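Here is the structure we will look at, set down as structure tokens.
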Amino acid sequence: MKVVTRFAPSPTGTLHIGGVRTALFNYVYAKKMNGLFLVRIEDTDRERSTKEFEKNILDSLNLIGLSPDLEPINQSNRTEIYTKAAQNLFDEGKAYYCNCTKERLDEMRAEQQANGKKPQYDGKCRDLNLKKSENTVLRLKTPSSGQVIMKDFVRGEISFNNEELDDLIILRSDGTPTYHLCNVVDDFEQNVTTVIRGEDHISNTPRQIHIQKALGYPELEYAHLPLVLGADKKRLSKRHAATSLEEYKNEGYLDSAILNTLARLGWSKGEKEVFYLEDLIRDFEITEIQKAGAIFDKTKLDWLNSQHLANIGLDEFKLHLKPFLDSIDIDMNDHERLDLLLTAMRSSETNLSSIAKALKPYFKGVDSYDEKAVKKFLLESNETLSSLILLLEDHDEWNESSLDLLLKNFQDNSGLSTPKVNQPIRIALTGSTKSPSLGLTLEIVGKNESLKRMKAALDFIS
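Heads up: the sequence shown runs through residues 0 to 461, numbered per numbering that gives the first Met the number 0.
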């Protein structure tokens with residue numbers, strides 16, 4: 000039997016990183032088993048679903064490397080298939096029409112709650128043999144006794160008592176199918192064998208198994224993933240961090256780093272922290288997914304992104320960086336020592352957007368100084384800067400090692416600490432106290448421009 004998995008998002012928003020994690024595990028399991036990974040757009044919520052969000056989801060999956068093996072399908076185009084399945088259930092006596100009003104249902108549930116019972120439909124219309132009308136819904140005849148037993152790769156065997164599951168609505172009064180019916184029919188029609196989704200769907204599973212059995216469909220395999228949580232162990236939301244894949248890509252996180260991070264949310268193997276999609280496909284075991292909630296740690300993503308950035312060649316790094324420099328009106332080719340600059344600065348920040356901003360002084364000069372840095376290092380450095388300017392003006396060997404030696408000798412002769420010597424120059428050259436080694440920074444900026452910026456800093460504090 001060929002393994003077939005599916006990712007079934009609703010296009011009611013941009014692709015959530017929790018959704019990417021679900022898609023990733025579906026993709027990886029299918030590839031490991033030499034199977035198929037499919038995508039289904041569950042767009043039956045006409046009011047909230049949009050083509051814009053659908054495009055975002057499909058484009059994002061393709062761009063991050065999780066492309067489906069077959070063309071995605073839309074539930075909104077398949078209503079006839081669902082209603083035919085529902086009609087079959089009715090014709091076989093496995094479903095019935097119900098005309099209970101909302102008022103009656105509300106009153107019934109309120110009374111059940113008052114008596115300490117679980118609110119559920121009481122089956123009033125089950126044996127009335129009502130006909131379809133504009134006031135009826137179609138309900139599945141759920142077994143009233145026994146159990147549904149689900150085998151889950153993550154959680155083992157889970158059982159549900161049928162008496163706690165009421166007769167589920169599968170067609171609304173307007174004839175539109177409900178989520179559970181669409182889900183079950185599509186899994187069958189797409190030949191899905193393995194359902195990998197979030198643990199918040201566990202309660203849906205017994206209802207869907209009842210529909211499968213009523214329609215005579217084969218049993219499926221299940222794996223319910225732990226939810227992606229914030230640091231406070233509550234479901235990840237915007238109060239914890241950005242939740243959209245698009246936001247992280249716009250900040251300049253590499254696809255490989257994002258997938259690396261998300262794979263660790265619920266799965267781990269050995270000591271290896273940095274890995275790529277092909278490594279994951281090779282090593283992944285669905286039974287090794289943990290049950291406990293998976294905490295998304297932005298600092299871990301930052302660290303992994305810096306490792307993935309360090310692992311790519313300089314030419315590839317330039318390709319990734321270029322759009323971020325373009326967005327702040329910097330032409331990469333405007334710098335005479337570009338390779339030296341990028342080699343020195345590629346690990347200066349944890350994402351490409353921040354690296355691009357950190358490069359701005361090297362292309363456009365310094366238009367302002369960090370206020371804290373000025374107060375701490377620059378304001379009392381008139382004499383030091385003046386002396387260093389004179390020394391550097393007479394220094395001809397303008398390279399990192401020679402410049403570092405000059406600065407070291409000046410420090411020894413003046414009796415000043417390293418920060419007292421180096422930081423005023425660094426602030427003059429870049430506007431802040433962050434840069435590569437000072438000798439290298441001077442070499443990258445160049446002699447004439449370095450002296451110009453130091454004199455401008457001197458004028459600023461004077």
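All C-beta atoms in this analysis are idealised placements derived from N, C-alpha and C, irrespective of residue type, glycine included. Quick caveat: nothing in here was measured; it's all calculated off a predicted structure.
{"Asked": "Residue of K248, R281 and D121 minimising C-alpha distance to A29", "Found": "R281"}
{"Asked": "Residue interval of the alpha helix (DSSP H) (run including Q422)", "Found": "T417 to T429"}
{"Asked": "Status (buried if at least 16 other CB within 10 Å, exposed otherwise) for T286", "Found": "exposed"}
{"Asked": "C-alpha gap between N76 and L104, whole angstroms", "Found": "32 Å"}
{"Asked": "S380 and P423 closer than 8 Å at C-beta", "Found": "yes"}
{"Asked": "R138 - partner residues in DSSP beta bridges", "Found": "Y95 and I168"}
{"Asked": "Bridge partners - Y221, DSSP secondary structure assignment", "Found": "D151 and V194"}
{"Asked": "Sequence-distant residues of the same chain with beta carbon closer than 6 Å to L320, five excluded per side", "Found": "L351"}
{"Asked": "For T4, the residue or residues it bridges with in DSSP", "Found": "F36 and T193"}
{"Asked": "Host alpha helix (DSSP H) of K363 (start-end)", "Found": "L351 to K363"}
{"Asked": "Identified DSSP bridge partners for H179", "Found": "Its beta-bridge partners do not exist; DSSP assigns none."}
{"Asked": "Sequence-distant residues of the same chain with beta carbon closer than 7 Å to L378, five excluded per side", "Found": "I460"}
{"Asked": "Spatially closest choice to A222 from R5, M0 and D458, by CA coordinates", "Found": "R5"}
{"Asked": "C-beta contact flag for D44 and T21 at 8 Å", "Found": "no"}
{"Asked": "Contact under 8 Å by Cβ, L167 with R196", "Found": "no"}
{"Asked": "Residue from S326, F283, F376 and N87 with nearest C-alpha to T432", "Found": "F376"}
{"Asked": "Check whether I329 and M344 have beta carbons under 8 Å apart", "Found": "no"}
{"Asked": "Neighbourhood of V191 by C-beta distance below 6 Å, restricted to the same chain and skipping five residues each side", "Found": "V3 and R5"}
{"Asked": "Local Cβ density within 10 Å of N421, reported as buried at 16 or more and exposed below that", "Found": "buried"}
{"Asked": "Given N98 as reference, the closest of R171, L164 and V227 once Cα atoms are compared", "Found": "R171"}
{"Asked": "Per DSSP, cross-strand counterpart(s) of L228", "Found": "R234 and I294"}
{"Asked": "N249 (DSSP reduced to helix, strand or coil)", "Found": "helix"}
{"Asked": "Opposing strand residues paired with F187 [DSSP bridges]", "Found": "Answer is none; F187 lacks a bridge partner."}
{"Asked": "Buried or exposed by the 16-neighbour rule on C-beta atoms within 10 Å, applied to E133", "Found": "exposed"}
{"Asked": "Residue of L341, S48 and I63 minimising C-alpha distance to V19", "Found": "I63"}
{"Asked": "Beta-carbon spacing of G292, L226 below 8 Å", "Found": "yes"}
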